[in-house]
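S.K.: Residue numbers (my numbering): 3 to 237.
We put the CB at the ideal spot given by N, CA and C, even for glycine.
Predicted model, so just to flag it, every value in this text is computed and none were measured.
First the structure, which I've put down as structure tokens, then a few questions once you've had a look.
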């Protein structure tokens, strides 16, 4: 008797003489949800409508801001596996000094996005780029080693927003401990908790934290502790 196989073969087993034959309905009863999930791949056609977010970057290196737009494709829409995935990126500015490498960068990043798979590494790679002329501090006291690194920061922020990266959130106990550290430091130094000239929410005497690159590290009881990420040299 001829048996027609109309489903993918997902497993096989060599039967012995004393084994009972298995019916073809054994595997058909198993749900094939993994095979039917929609993923980003090179042959995925661009939808007519894409959801996007725009991020503004204003650096002291230029009088004109950069506007980064990341468009997402929605996969498995309407199901419990619905997920936004970045599909393309555009960078626009009135400053034409960076036009050539900005266009090249957007094409490469967009190609990585459309390739599919895990694209979160792109943010870390860009954030590790250093400008030989030196970096700068963003509003709020965070150090940026280069303009490319801040583009990577914007991509990381977007990936956290759509759920591809876990947000950096301190628990309530860590927040209370940092608030206590900050209050004790300000009481000892007799400084205001308000911002310095950069509108930073951290004390003006704070140093640059080597972990989160924010001017939020203070010296208290002989221990350097960051009031932003909680990193401590004594732990």
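Ordered along the chain, which non-local residues of its own chain (more than five positions away) have a Cβ less than 7 Å from that of residue 92?
M.R.: Exclusion of the five residues before and after residue 92 leaves 71, 108 as the residues of its chain whose Cβ lies within less than 7 Å of its Cβ.
S.K.: Can you check which of these residues, 112, 116, 164, 66, is closest to residue 98 by C-alpha distance?
M.R.: 66
S.K.: So what's residue 16 in DSSP terms, helix, strand or just coil?
M.R.: coil
S.K.: Under 8 Å by Cβ, that's how I've got residue 143 and residue 216 pegged, so tell me the actual separation to the nearest angstrom.
M.R.: 5 Å
S.K.: Just the Cα atoms here: how many angstroms apart are residue 234 and residue 174?
M.R.: 17 Å
S.K.: Can you give me the Cβ contacts of residue 95 inside the same chain, cut-off strictly under 6 Å, excluding the 5 residues immediately before and after it?
M.R.: 66, 68
S.K.: For residue 124 and residue 17, what's the separation of their Cα atoms in angstroms?
M.R.: Cα to Cα, residue 124 sits roughly 48 Å from residue 17.
S.K.: On the three-state DSSP scale, how would you describe residue 54?
M.R.: Three-state result, residue 54: strand.
S.K.: Taking the continuous beta strand (DSSP E) assigned at residue 85, which residues delimit it?
M.R.: 85-95
S.K.: Kindly list the residues whose CB is nearer than 6 Å to the CB of residue 154, restricted to its own chain and excluding five residues on each side of it in sequence; keep chain order.
M.R.: 125, 128, 129
S.K.: Going by CA-CA distance only, name the one from 43, 156, 171, 219 that's closest to residue 184.
M.R.: Ranking 43, 156, 171, 219 by Cα distance to residue 184 puts 219 first.
S.K.: Select from 41, 43, 86, 162 the residue whose C-alpha is nearest the C-alpha of residue 53.
M.R.: The candidate whose alpha carbon is nearest that of residue 53 is 86.
S.K.: When the distance is taken between beta carbons, is residue 151 closer than 7 Å to residue 121?
M.R.: No; because the gap between Cβ atoms is not below 7 Å, this pair is not in contact.
S.K.: Strictly by DSSP, which residues pair up with residue 76?
M.R.: 86
S.K.: For residue 228, write down the residues that DSSP places opposite it in a beta bridge.
M.R.: 219
S.K.: Would DSSP call residue 234 helix, strand or coil?
M.R.: In the structure shown, residue 234 sits in a strand (DSSP, three-state: E or B).
S.K.: Cα-Cα, which of 206, 187, 205 is closest to residue 225?
M.R.: 187
S.K.: Please name the residue or residues paired with residue 7 in a DSSP beta bridge.
M.R.: Beta-bridge pairing links residue 7 to no other residue.
S.K.: Could you tell me the distance, in whole angstroms, from the CA atom of residue 43 to the CA atom of residue 76?
M.R.: 13 Å
S.K.: Name, in chain order, the residues that DSSP records as bridge partners for residue 61.
M.R.: None; residue 61 has no bridge partner.
S.K.: My assumption, with CB atoms under 8 Å, is that residue 40 sits in contact with residue 73. Please give the rounded CB distance.
M.R.: At roughly 17 Å, the Cβ-Cβ gap does not stay under 8 Å, so residue 40 and residue 73 are not in contact.
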